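Asks: Dropping the structure in here first, questions after.
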Amino acid sequence: MKKITIAIDGFSSCGKSTMAKDLAREIGYIYIDSGAMYRAVTLYSIENGIFKGNEIDTERLQKEIGNIHISFQLNPSTGRPDTYLNGVNVENKIRSMEVSSRVSPIATLGFVREAMVAQQQVMGNSKGIVMDGRDIGTTVFPDAELKIFVTATPEIRAQRRYDELKAKGQEASFDEILENVKQRDYIDQNREVSPLRKADDALLLDNTTMTISQQKEWLQKQFDKTIKG
Ligand code: DC
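Mapping the sequence shown onto UniProt numbering, position 15 (from 1) lands on 15, and the numbers just tick up by one.
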């Protein structure tokens, strides 16, 4: 059967990754979480003193961006890919509030985006890939055969992230998370390079009142339709 490219974009914490991972597993495609790549660059910057307070030493980051190698390896116990930064598993670290609250300004830097987009395009060379993010259908894979744009209210998205952190035993404040979600929406939509927007040919999915299994069913249907042409 012919393999296609699937681009899933949308707002933060709206369940894109869950949908994308589940679909990829179901249909035997590779799943790439492009947000994890921007998070890994952010973690690198935190751990290597590239943040001076809230300021980013862009000159240093630009010099070092070529040394930041991000890869994904399937974790057999979760059945999902973990993110590796220069060979070290950083899957848990990149989901912390510290990284979440610092990732947007890193993701607005043109040279960071260029480096990540180039890596993402190589990963998608042989199709059979589901990638989620903000600019996958518009910039990374503008020719993707199936494009989805996911949205939900900020409150429901904050609640989902709160539940996720709590389940992992991490400290979390709902108000802080909601503020972070709103801030990231603003930055994602208003940045100069590759702002978050729905590609003209993307299908819109508002999952505010949908369960995970309803979403899953909807996505599988869109995939089947696309494959049948
Ligand atoms: O999806 P996420 O919350 O893990 O994304 C982390 C950050 O990276 C978020 O602020 C948006 C940014 N991002 C981006 O700019 N482009 C992408 N393709 C994916 C994520």
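Quick reminder that beta carbons are idealized off the backbone N, C-alpha and C, glycines included. Just so you know, these numbers come straight off a predicted model, no measurement behind them.
Exposed or buried, what is Q120 when buried is set at 16 or more other beta-carbons lying within 10 Å of its beta-carbon?
Replies: Residue numbering aside, residue 120 sits at position 120 when the sequence shown is read from its first letter. Buried, because 16 or more other Cβ atoms sit within 10 Å of the Cβ of Q120.
Asks: List in chain order: all unbroken beta strand (DSSP E) runs of 3+ residues lying wholly within the region 47 to 88.
Replies: Fully enclosed beta strand (DSSP E) runs of 3 or longer: 70 to 75 and 80 to 85.
Asks: In whole angstroms, what separates the C-alpha of V207 from that of M19?
Replies: As a position in the sequence shown, residue 207 is number 207, starting the count at 1. As a position in the sequence shown, residue 19 is number 19, starting the count at 1. Reading off the sequence, residue 207 comes out as Asn, not Val. Rounded to whole angstroms, N207 to M19 spans 11 Å at the Cα level.
Asks: Pop quiz: S194 and R102 are said to be a contact at Cβ under 8 Å. What is the actual Cβ separation, rounded to whole angstroms?
Replies: As a position in the sequence shown, residue 194 is number 194, starting the count at 1. As a position in the sequence shown, residue 102 is number 102, starting the count at 1. Not quite, the Cβ-Cβ distance comes to about 19 Å (not below 8 Å), so this is no contact.
Asks: I'd like the span of the beta strand (DSSP E) that includes V150, first residue to last.
Replies: Along the sequence shown, one-based indexing puts residue 150 at 150. Note, V150: beta strand (DSSP E), L146 to T151.
Asks: If we count the other Cβ atoms within 10 Å of its Cβ and call it buried at 16 or more, is E98 buried or exposed?
Replies: Against the sequence shown, residue 98 aligns to sequence position 98. Answer is exposed; the Cβ neighbour count stays below 16.
Asks: Just tell me which of K3, S13, N190 and K21 has its CA closest to the CA of L219.
Replies: Position 219 of the sequence shown holds residue 219. Selected option, being the one with the closest Cα: K21.
Asks: Enumerate in chain order the residues of its own chain whose CB-to-CB distance from N54 is below 6 Å, with the five nearest sequence positions on each side excluded.
Replies: Walking along the sequence shown from the start, residue 54 turns up at place 54. Excluding positions up to five away in sequence, the list is empty.
Asks: Does the count of Cβ pairs from the region 116 to 133 and the region 24 to 37 closer than 8 Å reach three?
Replies: Touching, yes.
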